[in-house]
Amino acid sequence: MSFPLLTATAALPALGAVATAAVPAARRTTAKWLALVVSLATLALAITVLVRFDPDGSRYQLTESHAWIKDFGVRYELGVDGIAVALIALTAVLIPFIILAGWHDADPLETGSRRWRPTQGFFALILAVEAMVIVSFEATDVFLFYIFFEAMLIPMYFLIGGFGDRAHEHGEETAATQRSYAAVKFLLYNLAGGLIMLAAVIGLYVVAGNFSLTEIAEARANGSLHMATSTERWLFLGFFFAFAVKAPLWPLHTWLPNAMQESTAPVAVLITAVVDKVGTFAMLRFCLQLFPEASKWATPVILVLALISIVYGALLAVGQRDIKRLVAYASISHFGFIIMGIFAMTSQGQSGATLYMVNHGISTAALMLVAGFLISRRGSRLIADYGGVQKVAPVLAGTFLIGGLATLSLPGLAPFVSEFLVLVGTFTRYPVIGVIATFGIVLAALYTLVLYQRTMTGPVKPEVSAMPDLRVRELVVVAPLIVLLIFLGVYPKPVTDIVNPAVKQTMSDVQKKDPKPEVEAAK
1135 MSFPLLTATA ALPALGAVAT AAVPAARRTT AKWLALVVSL ATLALAITVL VRFDPDGSRY
1195 QLTESHAWIK DFGVRYELGV DGIAVALIAL TAVLIPFIIL AGWHDADPLE TGSRRWRPTQ
1255 GFFALILAVE AMVIVSFEAT DVFLFYIFFE AMLIPMYFLI GGFGDRAHEH GEETAATQRS
1315 YAAVKFLLYN LAGGLIMLAA VIGLYVVAGN FSLTEIAEAR ANGSLHMATS TERWLFLGFF
1375 FAFAVKAPLW PLHTWLPNAM QESTAPVAVL ITAVVDKVGT FAMLRFCLQL FPEASKWATP
1435 VILVLALISI VYGALLAVGQ RDIKRLVAYA SISHFGFIIM GIFAMTSQGQ SGATLYMVNH
1495 GISTAALMLV AGFLISRRGS RLIADYGGVQ KVAPVLAGTF LIGGLATLSL PGLAPFVSEF
1555 LVLVGTFTRY PVIGVIATFG IVLAALYTLV LYQRTMTGPV KPEVSAMPDL RVRELVVVAP
1615 LIVLLIFLGV YPKPVTDIVN PAVKQTMSDV QKKDPKPEVE AAK
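Note that my numbering numbers the sequence shown so that position 363 is 1497, with each residue one more than the last.
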């Protein structure tokens, strides 16, 4: 029997979460180091998955399959394609940086405060989210995926509501109320999506007789399983609604700005760079593979919603006064690009969308974590409270600028390649949508550069005159992310080589071919 590598990759952070939570309260530093070591060990396993995966091999590799609930056809089935491998690697890379960036975020508050923050719980919850996200990327049994897709809401709820940002202009009691509101809103939105998806999962079982993604897709391909058109469309909508909430797609996005605003910067990164990727990933793996005809039927409406997300998110980002809300609305715009690339139904669009998931995770982590370091120094999230930071903390300002330039997809940085592929892939099939979407790039330049100008340039405000520059721990967090942004901006081939074969198979699922160019290339 071969070593269950996929199970181990998910089980290690889960066991690490239990062990971290069990560390005595007086040994907070031990809990931090334990969580960091577990996250690094998980990264080592994720790298092993990456190395052992053969892009030219079978669609799902490193597979595991065991009977679980026999009476209902539920199996413990795992397998990864190139898209899943890339996102598992992204998750495993980001978690150690999230832990390091949040090293002091769960330390006890000031003496006499009525609030108590269990340090062990903070890091245990982060590891628990990592485990559930990894299983979601690995699961090829629909019911197994659903369980972890929903279960990750529990630790995220406590991370948002119990370990919120300390920088709040309205005092501790108001801050606690707003954190609770953001956490409950996050939970209710995602639970509503999950309950609708549960009905669709049950409907899929009634139609197919099992929950195996590979068996259902194969039966659909060879004609042994036929779904009525109306049935397929209703099931597709049930799945897509849940994924659109998680993604988040307009108009189901409103939970995200509140959640990111009230979270610590590392938890905000966990939300938008890791957890939300499960939604867009699932659109590729489940919506397109299980319901190809319904996916094509819904494409025009989804593209319009994605386009609205792009422009709406960017416009609202321009007008934000809060740094975290600005990044949140920028992320809504970026997720619009990802979803547009997926449903453009071209290989360039879907390759770009997958690459965008990876690159957005890295760029958002870089920008938000540096913003978190900035906010922790000043004690305010408001843009107006800053000015002249580059004169007193040049390294902090420089890294903030690079993260911002990556967010606006500057050529030479990783997001540019993915955004370019998405736009090219969309334009070849839907030129009007592609042209309008380019306005999102213009708006991204506006909100990013205005943010930098207002916070980093100009006269030095008295409140930031003594602001220290990045410390060693903070540099260890930010520097590798910047290196990745530059490396993947110049040489994205390592990621595209992994994801392109999976994209071709997805295109085959929906029986779509790339449009032929109107002008043949000269020979």
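A virtual CB, placed ideally from N, CA and C, is assigned to each residue, including glycine. Here the structure is a predicted model, which means the values were calculated and not measured.
Counted as a single uninterrupted DSSP element, the alpha helix (DSSP H) harbouring residue 1368 occupies residues 1363-1380.
In the DSSP assignment, residue 1508 falls within the unbroken alpha helix (DSSP H) covering 1481-1512. Among the bridge pairs identified by DSSP, residue 1209 is matched with 1201. By the neighbour-count criterion, in which 16 or more other beta carbons inside 10 Å mark a residue as buried, residue 1228 falls on the buried side. Looking from the CA of residue 1342, the closest CA among 1384, 1383, 1275, 1329 belongs to 1275. Sixteen is the threshold: since fewer than 16 other Cβ atoms of the shown chains lie within 10 Å of the Cβ of residue 1572, the residue is exposed. Across the set 1330, 1207, 1220, 1255, the C-alpha of 1255 shows the shortest separation from the C-alpha of residue 1168. Residue 1398 and residue 1239 do touch by the CB rule: their CB atoms are close to 5 Å apart, below 8 Å.
Listed in chain order, the non-local C-beta contacts of residue 1622 below 7 Å within the same chain comprise 1493, 1548, 1629, local neighbours out to five positions each way being set aside. The DSSP assignment places complete alpha helix (DSSP H) segments of no fewer than 4 residues inside the stretch 1553-1637 at 1565-1571, 1573-1590, 1606-1624, in order along the chain. Partner residues in the beta bridge of residue 1298, as assigned by DSSP, are 1397. By the beta-carbon neighbour count (other beta carbons within 10 angstroms, threshold 16), residue 1388 is exposed. Rounded to the nearest whole angstrom, the CA to CA distance from residue 1165 to residue 1137 is 29 Å. DSSP places residue 1446 in the uninterrupted alpha helix (DSSP H) bounded by 1426-1452. Counting along the chain, residue 1286 sits inside no alpha helix (DSSP H), nor does DSSP assign it H or E at all. Here the alpha carbon of residue 1554 sits roughly 23 Å from the alpha carbon of residue 1642. No residue range can be given for residue 1237, since it is assigned to no alpha helix (DSSP H) and is classified by DSSP as neither H nor E.
When the Cα atoms are used, residue 1378 and residue 1443 turn out to be separated by approximately 11 Å. Excluding sequence positions up to five before and after residue 1319, its CB lies within less than 8 Å of the CB of 1388, 1389, 1392, 1393, all in the same chain and listed in chain order.
Taking C-alpha positions only, residue 1324 is separated from residue 1312 by approximately 18 Å. Note on geometry: alpha-carbon atoms of residue 1326 and residue 1161 lie some 39 Å from one another. Per DSSP, residue 1266 is one residue of the alpha helix (DSSP H) stretching across 1253-1272.
Selection 1253, 1194, 1500, 1175 evaluated against residue 1349 yields 1194 as nearest (Cα-Cα). In the three-state reduction of the DSSP assignment, residue 1516 falls in the strand class.
A Cβ-Cβ distance of about 5 Å is found for the pair residue 1402 and residue 1502, placing them in contact under the 8 Å criterion. Counting along the chain, the unbroken alpha helix (DSSP H) around residue 1145 starts and ends at 1139-1156.
Around the beta-carbon of residue 1456, 16 or more other beta-carbon atoms lie within 10 Å, marking it buried. Inclusion of residue 1173 and residue 1222 in the CB contact set at 7 Å is not warranted, their separation being larger than that value. When the beta-carbon positions are compared, residue 1414 and residue 1478 stay at least 7 Å from each other. Here the alpha carbon of residue 1219 sits roughly 20 Å from the alpha carbon of residue 1351. Looking at the DSSP output, residue 1275 shares a beta bridge with 1346.
In this structure the stretch 1503-1513 does not lie against the stretch 1466-1477, because fewer than three pairs of beta carbons, one per stretch, are closer than 8 Å. According to the DSSP assignment, residue 1533 belongs to the alpha helix (DSSP H) that extends over 1528-1541. Annotation: residue 1478 is outside any alpha helix (DSSP H) and is labelled neither H nor E by DSSP.
The criterion of a C-beta distance shorter than 7 Å is satisfied by residue 1151 and residue 1258. Here residue 1643 carries a helix assignment [DSSP, helix/strand/coil].
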